[in-house]
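Asks: Here the sequence shown is numbered in the working numbering, starting from 234 and rising by one per residue.
Quick one: structure below, then a few questions.
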Amino acid sequence: MLNITNDKTNTDTFEMAGKCPFGGDSIGGVLGTPPALSDWYPNRLKVEQLHQNGPSANPLGDDFNYAEAFNALDLEALKQEIKTFLTTSVAWWPSDYNNYGPQMIRMAWHSAGTYRIADGRGGAGEALQRFAPVDSWWDNGNTDKSRRLIWPIKQKYGSALSWADLIVLTGNCALEIMGFPTYGFAGGRHDAWEVDNSTYWGPEVVRDLKNAESPDSMVNRDKRWRGQNGDADYDLENPLAASHQALIYVNPEGPYANGDPLGSARDIRVTFTRMAMNNEETVALIAGGHAFGKSHGMVPASEIGMPPEIAPMEAMGFGWHNHKGKGNAEDTMTNGIEGSWTPNPTQWDNDYLENLFKFDWEQTKSPAGALQWTPVDKNAPKTPDAHIPGQMNALMMMTSDIALKEDPEYRKVCEKFLGDFDAFTQAFSKAWYKLTHRDMGPRERYLGPEKVNENDLLWQDPIPVADYALIDVADITALKKSILASGISGSDLVYTAFSAAVTHRSSDKRGGANGGRLALAPQKDWAVNQRTVPVIAALRKVMEEFNGQQTGGKKVSLADLIVLGGCAALEKAAADAGFTTAVPFTPGRRDTTQELTDIEMFTWLKPVADGFRNYLDQDFDAISQGVAPEEMFLDKAQLLSLTSPEWVALMGGLKAMNANHDGSAHGIFTDRPGMLTNDFFTVLTSMDFEWKKTDAKGMTFSLNDRTTGEKRFTATRSDLVFGANSQLRAVAEVYAGSDGQKRFVKAFVKAWDKVMMLDRYDVKVSA
234 MLNITNDKTN TDTFEMAGKC PFGGDSIGGV LGTPPALSDW YPNRLKVEQL HQNGPSANPL
294 GDDFNYAEAF NALDLEALKQ EIKTFLTTSV AWWPSDYNNY GPQMIRMAWH SAGTYRIADG
354 RGGAGEALQR FAPVDSWWDN GNTDKSRRLI WPIKQKYGSA LSWADLIVLT GNCALEIMGF
414 PTYGFAGGRH DAWEVDNSTY WGPEVVRDLK NAESPDSMVN RDKRWRGQNG DADYDLENPL
474 AASHQALIYV NPEGPYANGD PLGSARDIRV TFTRMAMNNE ETVALIAGGH AFGKSHGMVP
534 ASEIGMPPEI APMEAMGFGW HNHKGKGNAE DTMTNGIEGS WTPNPTQWDN DYLENLFKFD
594 WEQTKSPAGA LQWTPVDKNA PKTPDAHIPG QMNALMMMTS DIALKEDPEY RKVCEKFLGD
654 FDAFTQAFSK AWYKLTHRDM GPRERYLGPE KVNENDLLWQ DPIPVADYAL IDVADITALK
714 KSILASGISG SDLVYTAFSA AVTHRSSDKR GGANGGRLAL APQKDWAVNQ RTVPVIAALR
774 KVMEEFNGQQ TGGKKVSLAD LIVLGGCAAL EKAAADAGFT TAVPFTPGRR DTTQELTDIE
834 MFTWLKPVAD GFRNYLDQDF DAISQGVAPE EMFLDKAQLL SLTSPEWVAL MGGLKAMNAN
894 HDGSAHGIFT DRPGMLTNDF FTVLTSMDFE WKKTDAKGMT FSLNDRTTGE KRFTATRSDL
954 VFGANSQLRA VAEVYAGSDG QKRFVKAFVK AWDKVMMLDR YDVKVSA
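In structure tokens:
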């Protein structure tokens, strides 16, 4: 930042010096200049992260409906424009082989490839490749050029075509013009409008790039791995997927750029598994992607300028300035490795795998000094230079390519694809579709004529279409009475409904109550859900009785009944507290099957900590893990897309309803549990009590009367944070006020309905 001060050489006259007679003529900082809160108090709970990318940042306004705008596009005409552009080279950034296709595949791949299964964050869904920190990762070198190249198309279609959709669609068009049959394309991705300042990308400290030797100095991995590569306990820290900071996948030169193919294979397996890819999908993606284009490494990294986020103002968002030679074309520098994998870099074929297995490969160095591999046989096929007519170059492989040949499991897949090119083509087609659509959620969110409507894609968490008539208002009223008369407690009903819905993640739109998966493995077997098992058994009886009495094909699903039970219990709990309120309920949830539930993928949704239900995994140790339960609670609130008032209200209501996973009294600050009161807040904010730690680690607490010393209540950190954190306490005080009860009930019911409806994309307008 520039530090602008007045000239102080003339101190005789304030007018001549331009000084204020009261001082303050030196400007030391402006909005956002450090030190800020995170510098002064690095361990504070950053509640403000719940409000990122809010409506005030969106220039399109609340009334803009993206689904309508996108569906009005002529997708075929749009694709033709993209394909025409792909073979029309631009002077300021010439295309390799007179075809931008490979470059655009890389852009789309890297946009989608940040996805990780552990928390569902990352992916192509918001085009976060446009913003820091992702836009300035070393692995995204020159993707800024790719986006600027397609800007004229984005400009023409404006708000009807999001950057997120355009990036993926351009990748698809690139594959198609080179002879590859894509599996399909769905629109519906909404753009983010500000940087992502909350996603955890790893524990490594980024060195000061202004003083670093080269921009790739931020590529490191030392803190995210446990054990050594090759050890039995070798493991990557959750929720991360990338093997290195600032890389999308793995270091193509091998771990620590050591050229070890088997070590690279181990990194690949961990990384691609964390991206929700199996061995076949992993090989298909690597081999398929490397069938096209080339890698660039003509200039040492130390000669390349700063990434976009810290490039000079006049660069206008361009980074990685290369002042060597032309600065592009045959002088391009991206990841440091130089060359192409195949003799036909703009044609879909099986040359990549054929050459990988036909020849022996030896280590060599690129002009930039990066480690790569060249055929030992000097008579091996050559690849044409991307820019110099008539020049032929040796083929290239990366250490991460040799890994596919040397790892026994990957080798089996490669040999299968070598013997069956059609199987390889289909595998890459489906894997690419999964890669670029994995974070979009249910198929109800998909837009456009090319969306795939098949039900065989297990990673989409399919739910069968309802073949029955939905329940109506009269049925809902009757079912509420039946549920409340069944003997299930209101507390259990609320707990069960919330347990079904709380698995939802706004990041990748997975989880939620729709599908009734709370009654299926793996969710039915989780420790946090054991309280729901007898409730679901009782609700099944209500469902069977109701459905057995119907004529005309009407049914109620278990998924609907679970949510309806919670709504009925809350209405009764509010009435018992003296307030009449209607809790919204929208029918239409369907039940899926065990066969349509990928147990391994749903296991990633299992909570380690859930502050709403006061659950901590028995193996979780906040001290050794370095992550406090309240921090994980905030993370979950963000995944549920809650605002801080919604988070506070939801917590207070669940505590009033005695909704702890084990029936414990922690946080149940009331003598009338099961009634929808604001007692949680009145006790939390009262100065009649004092809190005492009950364990050395400060995980649990007792609430004692200040006068008598009598213990009244107990709590966990997830309970007390709503009084200890200043921002959360400010909201809690509103609900604890003399006029807070009515306001709290209204806020809680609204937040409850929001959570119950988070996964109802079948009835939501994708605005």
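Idealized CB from N, CA, C, for every residue including glycine.
1. Alpha carbon to alpha carbon, how far is residue 361 from residue 1004? Give it in angstroms, no decimals.
2. Our contact map puts residue 831 next to residue 619 with C-beta atoms below 8 Å; I'd like the distance itself, whole angstroms only.
3. What are the complete beta strand (DSSP E) segments, minimum 3 residues, inside the region 577–644?
4. Using CA coordinates, which residue listed in 991, 349 and 337 is at the minimum distance from residue 678?
5. Could you tell me which uninterrupted alpha helix (DSSP H) segments, each at least 4 residues in length, are contained entirely in the region 744–830, listed from first to last along the chain?
6. Helix, strand or coil for residue 303, going by three-state DSSP, please let me know.
7. In the region 640–705, which residue ranges form an unbroken alpha helix (DSSP H) of at least 4 residues, counting only runs that do not cross its ends?
8. Let me know if residue 807 comes out buried or exposed under the rule of 16 or more other beta-carbons within 10 Å of its beta-carbon.
9. Tell me, please, which residues DSSP counts as bridged to residue 923.
10. List the endpoints of the continuous beta strand (DSSP E) containing residue 944.
11. Would residue 483 be called buried (16 or more neighbouring beta carbons within 10 Å of its own) or exposed?
12. Do you know offhand how far residue 815's Cα is from residue 714's?
13. Figure out for me which residue from 909, 525, 861 and 734 has the closest Cα to the Cα of residue 335.
14. Less than 8 Å between the CB atoms is what I'm expecting for residue 555 and residue 539, so what's the real figure, rounded?
15. If you run the structure through DSSP and keep just helix, strand and coil, what is residue 444?
16. Does residue 921 pass the burial test, meaning 16 or more other C-beta atoms within 10 Å, or should it be called exposed?
17. Tell me which residue opens and which closes the alpha helix (DSSP H) that residue 878 is part of.
18. Determine the burial state of residue 333: buried for a count of at least 16 other Cβ atoms within 10 Å of its Cβ, exposed for fewer.
19. Can you tell me the Cα-Cα spacing of residue 422 and residue 847, whole angstroms?
20. Kindly give me the distance between the Cβ atoms of residue 530 and residue 595, rounded to whole angstroms, as I take these residues to be in contact under 8 Å.
21. Identify which residue in 275, 261 and 353 has its Cα closest to the Cα of residue 740.
22. Just how far apart, CA to CA, sit residue 511 and residue 593?
23. According to DSSP, simplified to helix, strand and coil, what is residue 985?
24. Looking only at DSSP bridge pairs, what is residue 572 linked to?
25. Since residue 390 is in the alpha helix (DSSP H), which residue starts that stretch and which ends it?
26. So, for residue 238: in the same chain, excluding its five sequence neighbours on each side, which residues have a beta-carbon less than 6 Å away from its beta-carbon?
27. When the distance is taken between beta carbons, is residue 499 closer than 7 Å to residue 462?
28. Apart from the five residues on each side of it in sequence, which residues of its chain come closer than 8 Å, Cβ to Cβ, to residue 568?
29. Residue 437 by DSSP, collapsed to three states: which one?
30. Distance check for residue 435 and residue 428, CA to CA, integer angstroms please.
31. So residue 743 and residue 792 are in contact, right, with Cβ under 8 Å, and what is the actual spacing, rounded?
32. Among 432, 412 and 390, which residue has its Cα nearest to the Cα of residue 310?
33. Quick check: what's the CA-CA separation for residue 627 versus residue 607?
34. Helix, strand or coil for residue 361 per DSSP?
35. Candidates 562, 758, 751 and 270: which alpha carbon is nearest residue 1007's?
36. With DSSP collapsed to three states, give me the class of residue 905.
Replies: By the coordinates alone:
1. The requested residue 1004 is not part of the displayed model; the chain covers only 234 to 1000.
2. The pair is not a contact, with the Cβ atoms about 41 Å apart (cut-off 8 Å).
3. 594–598, 604–608, 615–617 and 625–627
4. 991
5. 766–782 and 791–809
6. helix
7. 641–652 and 654–670
8. buried
9. 937
10. 944–949
11. buried
12. 14 Å
13. 525
14. Residue 555 to residue 539, Cβ: 12 Å. No contact.
15. For residue 444, the pLDDT reaches just 49, beneath the cut-off of 50, and the residue's location in the model is therefore unreliable, leaving the point undetermined.
16. exposed
17. 877–889
18. buried
19. 34 Å
20. About 17 Å; that fails the 8 Å criterion.
21. 353
22. 27 Å
23. helix
24. 528
25. 384–390
26. In this predicted model, residue 238 has a pLDDT of only 38, less than 50, meaning its place in the structure is not dependable; the value taken from the coordinates is given anyway. Counting only Cβ-Cβ distances below 6 Å, and skipping sequence neighbours, we find 259.
27. yes
28. 371, 372, 374, 485, 528, 529, 530 and 603
29. coil
30. 17 Å
31. Contact flag wrong, Cβ pair sits at about 15 Å.
32. 390
33. 7 Å
34. helix
35. A query on residue 1007 cannot be resolved here, the shown segment of the chain reaching from 234 to 1000 and no further.
36. coil
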